[in-house]
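Positions in the sequence shown are counted from 1; adding 23 to them yields this note's numbering. Beneath this line is the structure, given in structure tokens, with notes to follow.
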Amino acid sequence: MCGFIVVFKKKNSKDFSKKKLFLSSSYLSHRGPDDNHHYIDNHVMMDFYRLNILDLSRNGRQPMESFSGRYVIVFNGEIYNKDNLKKKINFNKLRGSSDTEVLVNLFEKYKFKMMDFLEGMFSFVIYDKKLKKIFVGRDRFGMKPLYYLENNDYFIFSSEI
């Protein structure tokens with residue numbers, strides 16, 4: 024199942040509270056009892072609760088970085104054709120067997136065009152550390168929900184509410 028919350032800071036907005044992020048994300052803890060991890064910088068905070076299904080090792084831990092370290096992803100769902108998609112990236116560099124790792128590295132190589140290749144049920148947020156931008160996506164049928172809230176200071180995304 025898994026669950027995530029992402030808070031993305033708008034330009035010139037006040038700082039956001041880590042305490043509020045962790046309190047909010049704690050309501051998702053039942054969705055991912057196997058692991059909890061986060062990524063935080065001056066522009067984004069990502070907190071992820073993991074249910075180990077496909078890659079049971081630490082190599083499947085999220086938030087996860089791309090090969091270059093430029094992109095960070097939180098992802099909920101399953102990419103059915105991940106084994107075929109490995110051929111589109113340098114799969115010899117893969118550390119684990121998770122579809123998350125395939126997805127973030129597919130984005131690194133193809134950017135938004137990667138959506139054309141995906142078969143599955145999913146929602147995700149990818150953060151570009153260099154450009155300080157995010158890319159948000161979900162499956163065409165909305166099988167995996169993705170909720171968002173916008174206020175004057177932030178965009179907030181969650182895989183559950």
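Backbone N, C-alpha and C fix where the C-beta goes; we use that ideal spot for every residue, glycine too. Since the structure is predicted, the reported quantities are computational estimates derived from the model, not experimental observations.
Cα-Cα separation between residue i and residue j, rounded to whole angstroms
| i | j | result |
| --- | --- | --- |
| Leu129 | Lys116 | 13 angstroms |
| Tyr170 | Phe178 | 10 angstroms |
| Leu172 | Tyr72 | 20 angstroms |
| Tyr133 | His61 | 25 angstroms |
| Phe45 | Glu88 | 21 angstroms |
Residue from the options with nearest C-alpha to residue i
| i | options | result |
| --- | --- | --- |
| Arg84 | Lys42, Phe180 and Ser120 | Ser120 |
| Arg81 | Asp58, Ile63, Lys41 and Met138 | Asp58 |
| His66 | Arg161, Ile112, Asp106 and Val29 | Val29 |
Neighbourhood of residue i by C-beta, 8 angstroms cutoff - its chain only, sequence neighbours within 5 removed
| i | result |
| --- | --- |
| Arg93 | Glu131, Asp151, Lys152 and Lys153 |
| Ser36 | Asn175, Asp176 and Tyr177 |
6 angstroms Cβ shell around residue i - same chain, five flanking residues per side excluded
| i | result |
| --- | --- |
| Ile149 | Tyr94, Ile96, Phe130 and Phe158 |
| Ser52 | Tyr72 |
DSSP bridge partner residues for residue i (one or two, in chain order)
| i | result |
| --- | --- |
| Arg81 | Looking at the DSSP assignment, Arg81 forms no beta bridge with any residue, so it has no partner. |
| Met87 | Ile96 |
| His60 | Phe71 |
Cut-off 7 angstroms between Cβ atoms - residues of its own chain near residue i, not counting five sequence neighbours on either side
| i | result |
| --- | --- |
| Glu124 | Met87, Leu117 and Arg118 |
Quiz item: Can you find at least 3 beta carbon pairs, one from the segment 126-146 and one from the segment 156-175, that sit closer than 8 angstroms?
Solution: yes
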